[in-house]
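Chemist: Below is a structure I'd like to ask you about.
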Amino acid sequence: MCHFLFSQNSGPYFVNYGFNLEQEQPTPYSQYDNRHVYHIPQQAPSAVPQYTQRLPPHFISSRQTSPSLDSISSTVDRRKVRMLLGAFAATVILAVTGIIVWYLVTVACLFGVTCGTSGKCISSSQWCDGIRQCPDGEDEEMCFRLSGDNFLLQAYSSKSRSWKPVCADKWNDKYGKATCSQMGYSSDTYFQFGLVTQASVDSSEFLTVDTSSGETSVQLTNSGSCSTGSVVTLQCIDCGMTFLVSTRIVGGTSARLGQWPWQVSLWSEGEHWCGGSIITPYWIVTAAHCVERKNSPTQWKVYAGKLTLSEMKTTIGSSVSLIAINKYYDSNAKSNDVALMKLTLPLKFSNSVAPVCLPNFGLPVSQQAECFISGWGALKYAGSTSDMLNYARIYLINSSVCNNRNVYGGLITKTMFCAGYLEGGVDSCQGDSGGPLVTKLKNIWWLIGDTSWGYGCAQANKPGVYGNITEFLPWIFSIMQVS
1 MCHFLFSQNS
11 GPYFVNYGFN
21 LEQEQPTPYS
31 QYDNRHVYHI
41 PQQAPSAVPQ
51 YTQRLPPHFI
61 SSRQTSPSLD
71 SISSTVDRRK
81 VRMLLGAFAA
91 TVILAVTGII
101 VWYLVTVACL
111 FGVTCGTSGK
121 CISSSQWCDG
131 IRQCPDGEDE
141 EMCFRLSGDN
151 FLLQAYSSKS
161 RSWKPVCADK
171 WNDKYGKATC
181 SQMGYSSDTY
191 FQFGLVTQAS
201 VDSSEFLTVD
211 TSSGETSVQL
221 TNSGSCSTGS
231 VVTLQCIDCG
241 MTFLVSTRIV
251 GGTSARLGQW
261 PWQVSLWSEG
271 EHWCGGSIIT
281 PYWIVTAAHC
291 VERKNSPTQW
301 KVYAGKLTLS
311 EMKTTIGSSV
321 SLIAINKYYD
331 SNAKSNDVAL
341 MKLTLPLKFS
351 NSVAPVCLPN
361 FGLPVSQQAE
371 CFISGWGALK
381 YAGSTSDMLN
391 YARIYLINSS
401 VCNNRNVYGG
411 LITKTMFCAG
421 YLEGGVDSCQ
431 GDSGGPLVTK
441 LKNIWWLIGD
451 TSWGYGCAQA
461 NKPGVYGNIT
471 EFLPWIFSIM
481 QVS
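As numbered in full-length UniProt numbering, residues 1 to 483 make up the sequence shown, in order.
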């Protein structure tokens, strides 16, 4: 959904709903961070000694009189009442304490981890142990991740409660496919695993394959050494490859077929509405604000491998079977502005239709990295969409700069970032929403942003704002896993 303005015309704030322009400015919001789908609690703190205040001494008068029989009987009765009341109070305290302990152990799961859907409490040591203890298996869903620009495989260690590299000992393609499937990819798209030296990773602990159980799932054990001296890298899909060399540009430029093969056009009611990015044969990443008002799959068609909107009018697009919107999406602040579309039938990859890579954890992207945006959006503010797919080169802008009072005044949070030029001139615009912002590292293109919002188009001190795909990875994989 990115289009590129060369005029400096000012305009009100817009959200890219194809031809629908929003006039409201987003308001500050309470930041959501859904980096982890399942939170593993820390161990309960050790008990702290409780001290009671000393009571002042009780002085007994030396002057004494002989008590009467009535007073003795009254005193005995009062003592019985006190004893009964004390016993009752102790019973109540014990009962309340027992209820609290039961609640913390079973309901609140203070010393374990709660399964997401069933509420079952399991031991933290059972989380990511290769065996499904939760009824729906969520204890084994977010246990692997890919790190850096070399796709280093990391697994979660329930023992150390940290991410560790996986030793290449006994590793093979069978485990690679099982791991990719567990992450949410299809085994049909599995690409390859590789090896890097143990010395290239900053870790003195590793996880190794445990073959003793005979389970088909990947089970790992902790190890202080790696006998092969190598750790695993893993690519679940061949992604981020383009078959044309991008020319260096300053303003917007018409694209060539195969230059941005992951770019798709999302159509609703017979017209281009938003952009999106292919990440697998079935899955498209777009912006939540594109689909919040049109959330029925039957309202959409997806076009891939096409350069012009006029060409799309004469062809049949792909049907959509599912739309998922990030549950933390805030339509006012535009935080967590990401959604997924699942196609009814898989795309057939070619030189003009291919996936972009999702950003791995810790991908080394510099704060002023060179990036590219693409889309069929308007070439000027309040203009009509472009028939031809366009693209432009822009640069990331530090969030501290973008949050200056004369730019966006604190509206930019962890789930978004700015990119473009503070002087204006090149920007995304109406019709570009949901489309890709990509950067290139080690000859691979990475999807690091989806076009979200901005004030006008290409205005000075009002660069484009993009959803931070790295922040959305846990949510993206969780949807791919269950769907």
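By construction, the Cβ of each residue, glycine as well, lies at the ideal position given by its N, Cα and C atoms. It should be emphasised that the depicted structure is a prediction, and the values quoted were computed from it without experimental measurement.
Please state if the CB of Pro261 and the CB of Ile351 are separated by a distance shorter than 8 angstroms.
Modeler: Translated into the one-based positions of the sequence shown, residue 351 becomes position 351. Translated into the one-based positions of the sequence shown, residue 261 becomes position 261. The sequence given here has Asn at residue 351, not Ile. The answer is yes: Cβ separation under 8 angstroms.
Chemist: Among the residues of its own chain, which have a CB less than 7 angstroms from the CB of Ser157, if the five just before and after it don't count?
Modeler: Here residue 157 refers to the residue found at position 157 when the sequence shown is read from its first residue. Here the set comprises Lys164, Leu207 and Asn222.
Chemist: Locate the beta strand (DSSP E) running through Thr114, then write down its first and last residues.
Modeler: Counted from its first residue, the sequence shown places residue 114 at position 114. Gly112 to Thr114 is the span of the beta strand (DSSP E), which, as asked, contains Thr114.
Chemist: Find the nearest neighbour of Ala287 within the set Gly420, Ser296 and Ser335, judged by alpha-carbon distance.
Modeler: Locating residue 287 in the sequence shown gives position 287, where the first residue counts as 1. If we check each option's Cα against that of Ala287, Ser335 comes out closest.
Chemist: Classify Glu140: buried if its beta carbon has 16 or more other beta carbons within 10 angstroms, exposed otherwise.
Modeler: Against the sequence shown, residue 140 aligns to sequence position 140. The residue in question, Glu140, is buried, as its Cβ has 16 or more Cβ neighbours within 10 Å.
Chemist: Output the distance between the C-alpha atoms of Gln192 and Lys174, rounded to the nearest integer angstrom.
Modeler: Numbered from its first residue, the sequence shown carries residue 192 at position 192. Numbered from its first residue, the sequence shown carries residue 174 at position 174. The straight-line gap from Cα to Cα measures roughly 11 angstroms.
Chemist: Per DSSP, what kind of secondary structure is Tyr51 in: helix, strand or coil?
Modeler: Locating residue 51 in the sequence shown gives position 51, counting from the first residue. Unreliable positioning characterises Tyr51 in this predicted model, as indicated by a pLDDT of 32, which lies under 50. The coordinate reading is nonetheless provided below. Tyr51: coil per DSSP, three-state reduction.
Chemist: For Ala371, name the three-state secondary structure that DSSP assigns.
Modeler: If you number the sequence shown from 1, residue 371 lands on position 371. Checking the sequence, you will find Cys at residue 371 rather than Ala. Three-state DSSP puts Cys371 in a strand.
Chemist: Evaluate Val407 with the Cβ neighbour count: other Cβ atoms within 10 Å of its Cβ, from every protein chain shown; 16 or more gives buried, anything less gives exposed.
Modeler: Numbered from its first residue, the sequence shown carries residue 407 at position 407. It is buried - the Cβ of Val407 has at least 16 other Cβ atoms within 10 Å.
Chemist: Can you give me the Cβ contacts of Gln126 inside the same chain, cut-off strictly under 6 angstroms, excluding the 5 residues immediately before and after it?
Modeler: Within the sequence shown, the letter at position 126 stands for residue 126. These residues qualify, in order along the chain: Gln133.
Chemist: How should Ala354 be labelled, buried or exposed, when 16 other C-beta atoms within 10 angstroms of its C-beta is the threshold for buried?
Modeler: Along the sequence shown, one-based indexing puts residue 354 at 354. Result: buried.
Chemist: What does the Cβ neighbour count give for Phe417, buried or exposed, with the cut at 16 atoms within 10 Å?
Modeler: Taking the sequence shown and counting its residues from 1, one reaches residue 417 at position 417. Looking at its Cβ environment, which holds 16 or more other Cβ atoms inside 10 Å, Phe417 is buried.
Chemist: On a Cα-Cα basis, can you pick out the residue from Trp446, Ala178, Lys414 and Ser452 that is closest to Asp432?
Modeler: Residue numbering aside, residue 432 sits at position 432 when the sequence shown is read from its first letter. When each option's Cα is compared against that of Asp432, the closest is Ser452.
Chemist: Once DSSP output is grouped into helix, strand and coil, what is the label at Leu447?
Modeler: The sequence position of residue 447 within the sequence shown is 447, counting from 1. Strand, per DSSP.
Chemist: Within its chain, find whatever has a CB closer than 6 angstroms to the CB of Ser118; leave out the 5 residues flanking it on each side and keep chain order.
Modeler: Start at 1 with the first residue of the sequence shown, and residue 118 comes out as number 118. Taken in chain order, the residues that qualify are Pro135.
Chemist: Could you tell me whether the segment 361 to 373 touches the segment 389 to 407, using the rule of 3 or more Cβ pairs below 8 angstroms?
Modeler: yes
Chemist: Which residue wins for smallest C-alpha separation from Ala304, given the options Ser265, Pro346, Tyr282 and Met142?
Modeler: In the sequence shown, the residue the question calls residue 304 occupies position 304. Nearest neighbour of Ala304 by Cα position, chosen from Ser265, Pro346, Tyr282 and Met142, turns out to be Ser265.
Chemist: Taking the straight line between their C-alpha atoms, what separation do you get for residue 490 and Asp169?
Modeler: Lying outside 1 to 483, the shown extent of the chain, residue 490 is not represented and no answer is given.
Chemist: Measure how close the beta-carbons of Glu471 and Thr415 come, nearest whole angstrom, since I'm counting them as under 8 angstroms.
Modeler: Numbered from 1 along the sequence shown, position 471 holds the residue referred to as residue 471. Numbered from 1 along the sequence shown, position 415 holds the residue referred to as residue 415. Yes, Glu471 and Thr415 are in contact; Cβ-Cβ is about 5 angstroms, under 8 angstroms.
Chemist: Whose C-beta lies closer than 7 angstroms to the C-beta of Gln198 among residues of the same chain, with five residues either side of it excluded?
Modeler: For the purposes of this step, residue 198 is taken as the residue at position 198 of the sequence shown. The residues are Cys226, Gly229, Ser230 and Val231.
Chemist: From which residue to which residue does the beta strand (DSSP E) around Ser265 run?
Modeler: Taking the first residue of the sequence shown as position 1, residue 265 is located at position 265. Gln263 to Ser268 is the span of the beta strand (DSSP E), which, as asked, contains Ser265.
Chemist: Could you check what DSSP says for Ser415 in three-state terms: helix, strand or coil?
Modeler: Position 415 of the sequence shown, counting from 1, holds the residue named residue 415. It is Thr, not Ser, that sits at residue 415 in the sequence shown. Coil.
Chemist: Going by DSSP, what residues sit across from Leu441 in a beta bridge?
Modeler: For this step, residue 441 is matched to residue 441 along the sequence shown. In the DSSP output, where bridge partners are listed per residue, Leu441 has Ile444.
Chemist: Is the segment 306 to 313 touching the segment 436 to 454 in the sense that three or more CB pairs, one from each, lie closer than 8 angstroms?
Modeler: no
Chemist: Select from Ala460, Ser366, Val356 and Gln368 the residue whose C-alpha is nearest the C-alpha of Asp450.
Modeler: Locating residue 450 in the sequence shown gives position 450, counting from the first residue. Ranking the options by Cα distance to Asp450, first place goes to Val356.
Chemist: Can you tell me whether Tyr282 is helix, strand or coil according to DSSP?
Modeler: Sequence index remark: in the sequence shown, residue 282 carries index 282 (1-based). Note: Tyr282 maps to coil in three-state DSSP.
Chemist: Return the CA-CA distance between Gly240 and Leu343, expressed in angstroms with no decimal places.
Modeler: Taking the first residue of the sequence shown as position 1, residue 240 is located at position 240. Taking the first residue of the sequence shown as position 1, residue 343 is located at position 343. About 20 angstroms.
Chemist: Measuring only the C-alpha atoms, how far is Val426 from Gly137?
Modeler: Position 426 of the sequence shown, counted from the start, is the residue given in the question as residue 426. Position 137 of the sequence shown, counted from the start, is the residue given in the question as residue 137. So the alpha carbons of these two residues sit roughly 47 angstroms apart.
Chemist: On the DSSP letters alone, give me the boundaries of the beta strand (DSSP E) that Tyr391 sits inside.
Modeler: Position 391 of the sequence shown, counted from the start, is the residue given in the question as residue 391. Segment Asn390 to Ile397, the beta strand (DSSP E) holding Tyr391.
Chemist: Taking the alpha-carbon of Ser318 as reference, which of Gly86, Thr298 and Ser331 has the nearest alpha-carbon?
Modeler: By 1-based counting over the sequence shown, the position of residue 318 is 318. Measuring C-alpha to C-alpha distances from Ser318 to each of Gly86, Thr298 and Ser331 identifies Thr298 as the nearest.
Chemist: For Leu447, I'd like the list of residues in its chain whose CB is within less than 8 angstroms of its CB, leaving aside the five on either flank, ordered along the chain.
Modeler: Reading the sequence shown from its first residue, position 447 is the one you call residue 447. These residues qualify, in order along the chain: Trp262, Ser277, Ile279, Val285, Val356, Cys357, Leu358, Pro359, Pro436, Leu437, Val438 and Ile469.
Chemist: Return the chain-ordered list of same chain residues with a C-beta closer than 7 angstroms to the C-beta of Gly424, the five sequence neighbours on each side being excluded.
Modeler: The sequence position of residue 424 within the sequence shown is 424, counting from 1. Correct list, in chain order: Gln8, Ala458, Gln459 and Ala460.
Chemist: At the level of alpha carbons, what is the spacing between Arg145 and Asp387?
Modeler: The residue given as residue 145 occupies position 145 in the sequence shown. The residue given as residue 387 occupies position 387 in the sequence shown. The alpha-carbon atoms of Arg145 and Asp387 are separated by roughly 39 angstroms.
Chemist: Can you check which of these residues, Asn398, Gln481 and Lys442, is closest to Gly464 by C-alpha distance?
Modeler: Against the sequence shown, residue 464 aligns to sequence position 464. Considering only alpha carbons, the answer is Asn398.
Chemist: For the beta strand (DSSP E) holding Ser147, just list the boundary residues, first then last.
Modeler: Reading the sequence shown from its first residue, position 147 is the one you call residue 147. Looking at the DSSP string, the run of the beta strand (DSSP E) that includes Ser147 is Phe144 to Ser147.
Chemist: Compare the Cα-Cα distances from Asn172 to each of Gly184, Glu205 and Thr211 and report the closest residue.
Modeler: What you label residue 172 is simply residue 172 of the sequence shown in a count that begins at 1. Proximity to Asn172 across Gly184, Glu205 and Thr211 peaks at Thr211, based on C-alpha coordinates.
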